[in-house]
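There are 2 protein chains.
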Amino acid sequence: MESKKIKIGLIGLGTVGSGVFKTLKNFDNVEVVKIAVRNKSKKRNIEGLDESIITDDAYEIVNDPQIDIVAELVGGVSPAFDLIKTAIKNGKHIVTANKELLAKHGEELFNYAEEHNKVVLYEAAIAGGIPLIMPIKTILAGNKINKIKAILNGTTNYILTKMDVQGASYTDVLKESQELGYAEADPTGDVEGFDAAYKITTLATIAFGKRVKIENVYREGITKISPEDMQAANEMGYKIKLIASAEITEDNKADVRVHPMLISKNNPLAHIDYVTNAVTLTGHPVGSVTLSGPGAGEFPTASSVVGDILAIASEIGKTDYLLPMMRCQHNENAEPIDISETRNKYYISMTAKNSLGVIGRIGKACEDNQISLASIVQKEVSQDNAAHIRVITDVCKEKDMQKVIDIFNNDSAITSVNSLIRVQV
Amino acid sequence: MESKKIKIGLIGLGTVGSGVFKTLKNFDNVEVVKIAVRNKSKKRNIEGLDESIITDDAYEIVNDPQIDIVAELVGGVSPAFDLIKTAIKNGKHIVTANKELLAKHGEELFNYAEEHNKVVLYEAAIAGGIPLIMPIKTILAGNKINKIKAILNGTTNYILTKMDVQGASYTDVLKESQELGYAEADPTGDVEGFDAAYKITTLATIAFGKRVKIENVYREGITKISPEDMQAANEMGYKIKLIASAEITEDNKADVRVHPMLISKNNPLAHIDYVTNAVTLTGHPVGSVTLSGPGAGEFPTASSVVGDILAIASEIGKTDYLLPMMRCQHNENAEPIDISETRNKYYISMTAKNSLGVIGRIGKACEDNQISLASIVQKEVSQDNAAHIRVITDVCKEKDMQKVIDIFNNDSAITSVNSLIRVQV
Chain V
1 MESKKIKIGL IGLGTVGSGV FKTLKNFDNV EVVKIAVRNK SKKRNIEGLD ESIITDDAYE
61 IVNDPQIDIV AELVGGVSPA FDLIKTAIKN GKHIVTANKE LLAKHGEELF NYAEEHNKVV
121 LYEAAIAGGI PLIMPIKTIL AGNKINKIKA ILNGTTNYIL TKMDVQGASY TDVLKESQEL
181 GYAEADPTGD VEGFDAAYKI TTLATIAFGK RVKIENVYRE GITKISPEDM QAANEMGYKI
241 KLIASAEITE DNKADVRVHP MLISKNNPLA HIDYVTNAVT LTGHPVGSVT LSGPGAGEFP
301 TASSVVGDIL AIASEIGKTD YLLPMMRCQH NENAEPIDIS ETRNKYYISM TAKNSLGVIG
361 RIGKACEDNQ ISLASIVQKE VSQDNAAHIR VITDVCKEKD MQKVIDIFNN DSAITSVNSL
421 IRVQV
Chain U
426 MESKKIKIGL IGLGTVGSGV FKTLKNFDNV EVVKIAVRNK SKKRNIEGLD ESIITDDAYE
486 IVNDPQIDIV AELVGGVSPA FDLIKTAIKN GKHIVTANKE LLAKHGEELF NYAEEHNKVV
546 LYEAAIAGGI PLIMPIKTIL AGNKINKIKA ILNGTTNYIL TKMDVQGASY TDVLKESQEL
606 GYAEADPTGD VEGFDAAYKI TTLATIAFGK RVKIENVYRE GITKISPEDM QAANEMGYKI
666 KLIASAEITE DNKADVRVHP MLISKNNPLA HIDYVTNAVT LTGHPVGSVT LSGPGAGEFP
726 TASSVVGDIL AIASEIGKTD YLLPMMRCQH NENAEPIDIS ETRNKYYISM TAKNSLGVIG
786 RIGKACEDNQ ISLASIVQKE VSQDNAAHIR VITDVCKEKD MQKVIDIFNN DSAITSVNSL
846 IRVQV
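Chains as they are written, first to last, in the working numbering: chain V, 1 to 425; chain U, 426 to 850.
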């Protein structure tokens with residue numbers, strides 16, 4: 001007896017869609033029956049693709065009664081959100097790689113799916129091919145996860161790695177990355193941290209079991225990082241990475257943010273280079289686990305989309321189907337903390353006139369604001385009788401640090417505060 | 426309406442058992458109803474433990490009709506195997522951390538469970554708290570995994586890390602590790618690679634979907650690694666690690682082994698230090714992912730045991746229950762390859778009389794046996810007119826390498842072949 005094949009509709013046949021189509025061909029229990037594309041007349045060289053299943057109307061897929069699972073692989077809020085809701089209303093399960101939609105409308109989406117007794121899986125939306133979301137929901141289900149530190153954006157990690165290796169400027173490396181196709185023509189979404197912020201919003205929500213709202217995620221990009229910062233970090237035993245971070249504070253608030261950070265070379269994340277992604281999850285009882293691998297690309301992303309499709313396919317047709325573990329039930333909202341109230345260590349780089357009292361005034365400003373210094377290094381710059389001063393603080397409050405930066409900015413002996421970068425605690 | 430609690434029986438209340446008991450207390454849907462221990466009169470300080478549920482007869486657990494899931498946490502083949510089979514026969518699902526039993530009797534065990542429509546889960550048996558087995562069976566199910574490189578034994582990784590950091594000898598570090606409790610009084614199981622061999626046998630079986638037999642796993646321990654090898658590796662850009670490796674060769678054989686290996690510092694495994702474990706899985710479509718974390722310990726291991734228990738608990742009571750993904754169906758045997766037929770790169774360390782022709786003879790012996798040299802370094806040792814010679818070869822056949830080592834051993838100018846260690850390709 002041949003068992004019924006599960007029918008799949010793909011929305012999108014770009015890089016990821018092609019990888020998904022090619023991978024699904026290896027499985028007998030599933031069949032791609034319809035594919036929606038933007039431009040039907042585009043020439044596609046995909047082996048085994050019957051072009052008669054291609055449509056340029058995605059609603060043909062979400063309204064097709066024979067389709068069991070819709071994989072949405074186009075991204076963005078519109079029309080993806082309406083397509084997915086229509087599909088759910090029509091009795092389909094959803095697999096999506098759409099990090100923006102999940103971050104902006106996750107709550108509405110999961111509630112809608114729950115009302116219709118359907119699941120929405122999204123392993124591919126966060127950290128590409130790295131097994132992450134399903135492990136959190138299944139084998140790590142015994143844990144209370146309270147901390148995430150992650151590199152979730154390949155473009156910025158590529159740029160920072162190149163800056164580090166080549167000693168080159170952000171602008172030069174960005175240009176080179178754009179030429180090589182590692183960065184987009186408009187790189188804002190990556191370099192300003194929006195992409196990583198979308199991902200950490202959803203990842204923190206699922207890991208903490210509390211809904212994190214994107215508007216409460218603090219975000220800072222990598223455009224101000226200088227080759228001097230890179231070199232200074234190296235000399236002090238650190239690497240600079242764009243870190244997506246989420247933590248439940250002692251008073252049970254959700255501290256979720258994306259910003260550059262000095263990471264100790266003893267930390268596995270310091271060795272995650274180029275487009276690789278990595279996520280360190282910390283919780284009890286497991287301790288810390290670090291999962292790393294390709295964060296994007298045709299086949300790695302397809303691995304996660306296909307994993308989700310096969311998981312749903314294995315459940316369809318059962319009487320009591322769909323693992324409770326596959327659901328996303330977290331209607332409790334996480335209480336946010338403002339960045340000004342967070343506690344961090346800081347790296348500060350300044351240029352000062354080489355006058356005697358400046359180190360003393362830096363020390364006093366910090367002391368007056370409850371900030372201890374872990375290290376301070378002054379290097380003379382011969383040409384212009386100026387000094388480069390680098391400070392690393394102990395843990396202190398962000399708002400106290402900002403007060404001190406104001407003092408530095410108003411100190412006539414300090415020519416400029418060049419950088420303020422948080423340091424891994 | 427209160428839903429029925431799933432009843433758990435624990436066999437073993439040592440380090441792991443205690444962690445499992447403490448963790449399961451946080452979950453309302455499961456209840457530990459009986460615990461078997463070796464010594465009932467031993468004083469136990471475990472909060473919330475009702476000592477009346479403790480027995481010293483493990484058969485009371487496997488024969489108890491109310492118990493749904495038995496967690497076997499004592500290890501070894503006997504009596505664990507009989508206990509587990511009895512439990513399965515009596516309708517219970519099994520969660521086990523028993524790597525030796527799985528490696529030696531996995532086939533019989535899984536077939537027996539299958540006949541009785543029960544599952545055996547074993548996330549904790551391999552790499553402790555690292556999410557590994559369930560991800561392979563679920564979210565990575567779309568992949569054909571063909572290569573595994575892993576650090577699966579914390580004791581040997583601790584010893585090698587200490588040797589590297591301190592420049593100390595194997596014997597000294599072993600002694601220190603034993604005093605600190607990181608190595609057992611009889612360290613054979615760890616330092617000779619048995620523990621890692623058990624783990625890679627089962628891991629390769631599940632990842633490749635073909636049964637690997639423990640007797641076909643080549644095994645070599647770390648006892649011959651010298652501080653000089655460590656230093657030489659460092660100078661050449663490598664670290665020495667005990668690597669559990671499994672690969673499907675081009676002619677579809679399973680090359681599974683445990684031995685020391687020079688790992689490039691560019692490889693994530695080179696940075697896995699002390700008792701941390703790590704596994705790099707390579708396959709299509711995902712590419713390579715590396716999962717790292719605590720490989721042992723009370724709570725990390727409990728994380729995996731509890732994850733398995735909760736996964737089974739969420740399925741019990743359903744009409745069509747138990748994910749096909751949870752099954753271990755791999756009755757096809759992997760065709761083994763003898764170590765002599767494998768292809769590797771090698772690091773060779775020799776001491777020679779400082780005579781003119783020896784480098785030439787080394788080169789000729791290699792050339793005569795189809796071995797190309799990637800690098801050769803000779804360093805004079807002043808005291809005794811001897812030279813230390815280090816060679817790294819290109820990829821060649823193990824049996825050709827062994828022939829060359831025979832030639833070196835019979836060369837009167839070569840005082841000794843000190844080390845032969847395979848190098849990551």
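Don't be surprised by glycine CBs; every beta carbon is placed ideally from N, CA and C. Remember, it's a predicted structure, so these values are computed and weren't measured experimentally.
Within 8 angstroms, do at least three Cβ pairs link the segment 499-513 of chain U to the segment 469-480 of chain U?
no
Where in the segment 764-790 of chain U do unbroken runs of the beta strand (DSSP E), each at least 3 residues long, occur, reported from the N-terminal end onward?
768-778
How is the beta strand (DSSP E) around residue 490 of chain U delimited, first residue to last?
Element bounds for residue 490 of chain U: n/a, residue is neither H nor E.
Where residue 610 of chain U falls, given that 16 or more other Cβ within 10 Å makes a residue buried
exposed
Is it right to say residue 412 of chain V is buried, meaning 16 or more other beta carbons lie within 10 angstroms of its own, or is it exposed?
exposed
Does DSSP classify residue 261 of chain V as helix, strand or coil?
strand
Residue 407 of chain V at chain U interface by Cβ criterion, 8 angstroms:
no
From residue 821 of chain U to residue 770 of chain U, what does the alpha carbon distance come to, in whole angstroms?
6 angstroms
Strictly by DSSP, which residues pair up with residue 469 of chain U?
According to DSSP, which records beta bridges pairwise, residue 469 of chain U is partnered with nothing at all.
Spatial neighbours of residue 74 of chain V in its chain, beta-carbon cut-off 7 angstroms, leaving aside the 5 residues before and after
11, 12 and 80
Only counting runs of 3 or more residues, tell me where the beta strand (DSSP E) segments fall wholly within the segment 57-124 of chain V, in order along the chain.
69-72 and 93-96
So residue 495 of chain U packs on residue 487 of chain U, CB below 8 angstroms; how close in whole Å?
6 angstroms
Determine the direct distance from the alpha carbon of residue 100 of chain V to that of residue 38 of chain V, and round the result to whole angstroms.
20 angstroms
Measuring alpha carbon to alpha carbon, tell me which of V:384, V:379 and V:399 ends up nearest residue 391 of chain V.
V:379
Consult DSSP for residue 732 of chain U and reduce its assignment to one of helix, strand or coil.
helix
Using a Cβ-Cβ distance cut-off of 8 angstroms, determine whether residue 23 of chain V contacts chain U.
yes
Cβ-based neighbour list, residue 104 of chain V, same chain, cut-off 7 angstroms, excluding 5 preceding and 5 following:
77 and 214
Output yes if chain U places a C-beta closer than 8 angstroms to the C-beta of residue 230 of chain V; else output no.
no
Determine the direct distance from the alpha carbon of residue 341 of chain V to that of residue 398 of chain V, and round the result to whole angstroms.
6 angstroms
Determine, for residue 311 of chain V, whether the minimum Cβ-Cβ distance to residues of chain U falls below 8 angstroms.
yes
What would DSSP say about residue 582 of chain U, mapped onto helix, strand or coil?
helix
Identify the contact partners of residue 93 of chain V in chain U, using a Cβ-Cβ distance below 8 angstroms as the criterion.
Chain U residues near residue 93 of chain V: none, gap ~15 angstroms exceeds 8 angstroms.
Mapping the DSSP letters down to three states, classify residue 434 of chain U as helix, strand or coil.
strand
For residue 22 of chain V, list the residues DSSP reports as bridge partners.
None, per the DSSP bridge assignment.
Can you tell me the Cα-Cα spacing of residue 31 of chain V and residue 562 of chain U, whole angstroms?
21 angstroms
In chain order, what residues of the same chain have a beta carbon less than 8 angstroms from the beta carbon of residue 148 of chain V, not counting five sequence neighbours either side?
200, 203, 204, 207, 244, 245, 246, 247, 279, 280, 281 and 282
Near residue 851 of chain U, what residues of its chain come up, given a Cβ to Cβ distance below 7 angstroms and the 5 sequence neighbours on each side ignored?
The requested residue 851 of chain U is not part of the displayed model; chain U covers only 426 to 850.
Please list the partners that residue 303 of chain V has in chain U, where partner means a Cβ-to-Cβ separation under 7 angstroms.
565, 567, 568, 710 and 711
Could you check what DSSP says for residue 293 of chain V in three-state terms: helix, strand or coil?
strand
Taking the straight line between their C-alpha atoms, what separation do you get for residue 470 of chain U and residue 431 of chain U?
25 angstroms
Anyone know if the C-beta pair for residue 636 of chain U and residue 764 of chain U falls short of 8 angstroms?
no
Cut-off 8 angstroms between Cβ atoms - residues of its own chain near residue 403 of chain V, not counting five sequence neighbours on either side
369
Name, please, each residue of chain V whose Cβ falls closer than 8 angstroms to the Cβ of residue 696 of chain U.
268 and 271
Reference residue 578 of chain U; option with closest CA among U:848, U:687 and U:552
U:552
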